[in-house]
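Contents: one structure, followed by commentary.
2 protein chains.
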Amino acid sequence: MVPIGFERHDHADCVEAAIAAADARCTENGLRLTPIRRRVLEILLSRHCAIGAYDILDILKSDGVKAQPPLVYRALDFLTGHGFAHRVERLNAFVACAVPGQRHAPVLLICRTCARVAETHAEDDTALGRATRDSGFVVERAVMEAEGLCPTCQENAT
Amino acid sequence: MVPIGFERHDHADCVEAAIAAADARCTENGLRLTPIRRRVLEILLSRHCAIGAYDILDILKSDGVKAQPPLVYRALDFLTGHGFAHRVERLNAFVACAVPGQRHAPVLLICRTCARVAETHAEDDTALGRATRDSGFVVERAVMEAEGLCPTCQENAT
DNA sequence: TGTTATTCGTTATAGTATAACATATCAACT
DNA sequence: AGTTGATATGTTATACTATAACGAATAACA
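One line per chain: the protein sequences are A and B, in this order.
Each residue of the first sequence is one higher than the last, beginning at 937 in my numbering.
Each residue of the second sequence is one higher than the last, beginning at 937 in my numbering.
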């Protein structure tokens, strides 16, 4: 499984496809991808990086929107709640989901140098699976986050 | 692998053993378990729950210490940095390590009802392992956190 | 005992998130 | 089209989490 986010790709396509997918999925499920939610998703998609809520707020303001923190947090709640984005717990920040449209426990690879975040996911992670089975703990939400160096930054460090 | 934290146990023993182990390991490695660091560790050990830095601060104050936030954060930096405690990213809070003395990627099981946190760990987690191998990402630090219901709270919910 | 490194005390401030309530918009039905 | 109930947004204020910066105290060791 190759994680999504570090490799070169046509990013305009990447954004466009994600927005279209989100649109389709919202229509399908009776969700409302309002202008603000859509714009916040666009901002998240614009980079494969975690972006803080207040950075998003600044971008909205520079768009000319008279925005306050709750506006951003509400949009982020919607996006994370419906799987269009993930919260990066390690950074208190957010990143667009790279594989929307399926419930999954995200596995985020966070590069500490370039700040890019790649995503893969675990259908049945063994560590969590074992712990759950043996303990009777019922997992409702799981995240895995690894901090380290992405391939590009390893090369540059050499 | 049964996670540590949910099952019944002699908690006084549990705390005492952990403190003794920390003491020994500090002596061994030339680390200084100063009174404040020791006290913060005791506070963390007192419950198998995540505790916020400011809650710890309040407890220190009620001890009669004239404490400010940096005092607590420094102690927590020491404890997490040397593996005596973990940061619970999901909660912006901290918990004593249940298996100190070995480098490990903690797997935390967080009960959303009783707030207890159990810990197990992953020597070689498959999801992270796969992602790492295939992508060339070098993991320096990894956390796994699952939120859900512990066995006790499941029973009570029934 | 002097020197250096580490830890602690203190003030101030930065960064992240939510409560609460008023207003507006949407969706669906009459 | 008008009413109604649900959902989303605007706005103010505030709570919670974390760190920068700098000086004083203490420990470790030559």
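The beta carbon of each residue, even a glycine, is placed where N, CA and C say it ideally should be.
With a threshold of 8 Å between beta carbons, is B/V938 in contact with chain A? yes
Going by DSSP, what residue range makes up the beta strand (DSSP E) through A/C1047? 1041 to 1047
If you draw a straight line from the alpha carbon of A/D959 to that of B/A954, how long is it in whole angstroms? 53 Å
Any beta carbon from chain B within less than 8 Å of A/G1084's own beta carbon? yes
Give the C-beta separation of A/G1037 and A/A957 to the nearest angstrom, bearing in mind that I take them to be a contact with Cβ-Cβ under 8 Å. 6 Å
Comparing alpha-carbon positions, which option in A/E943, A/D1070, A/R961, A/E1055 lies nearest B/E1055? A/D1070
For the ligand NAD, is there any heavy atom lying closer than 7 Å to the beta carbon of B/E964? Absence of the ligand NAD is noted for the structure shown, with no ligands found whatsoever.
Using beta carbons (cut-off 8 Å, strictly below), is A/P971 in contact with chain B? no
Under 8 Å, do A/E1081 and A/R1026 count as touching if we go by C-beta distance? yes
Boundaries of the beta strand (DSSP E) in which A/F1030 is found, first to last residue: 1029 to 1032
What would DSSP say about A/G1017, mapped onto helix, strand or coil? helix
Candidates A/N1092, A/Q1090, A/P971: closest to A/D999 by CA position: A/P971
8 Å is my cut-off, CB to CB: does A/G1072 come that close to chain B? yes
Can you tell which of B/Y990, B/C950, B/F1073 has the C-alpha that lies nearest to the C-alpha of B/C1033? B/C950
Test: A/A1078 CB closer than 8 Å to a CB of chain B: yes
Helix, strand or coil: which one does DSSP assign to B/A1082? strand
On the CB-based measure, 16 or more other CB atoms within 10 Å of its CB, does B/V976 come out buried or exposed? buried
Any C-beta of chain B within less than 8 Å: which residues of the stretch 985 to 1012 of chain A qualify? none
Measure the CB-CB distance between A/A989 and A/F1030 and report whether it falls below 8 Å. yes
Residues of the stretch 1024 to 1039 of chain A with Cβ closer than 7 Å to any Cβ of chain B, in chain order: E1025, R1026
What does B/P1042 reach in chain A if we use C-beta pairs closer than 9 Å? Per Cβ cutoff of 9 Å: no residues; B/P1042 is ~10 Å from chain A at best.
Where B/S982 and B/P939 are concerned, what is the direct C-alpha to C-alpha distance, given to the nearest angstrom? 18 Å
Please check if any C-beta of chain B sits within less than 8 Å of the C-beta of A/V1075. yes
Span of the alpha helix (DSSP H) holding A/D959? 947 to 965
Beta-carbon proximity check, B/A1041 vs B/A986, cutoff 8 Å: no
Does B/E1081 get closer than 8 Å to chain A when you measure Cβ to Cβ? yes
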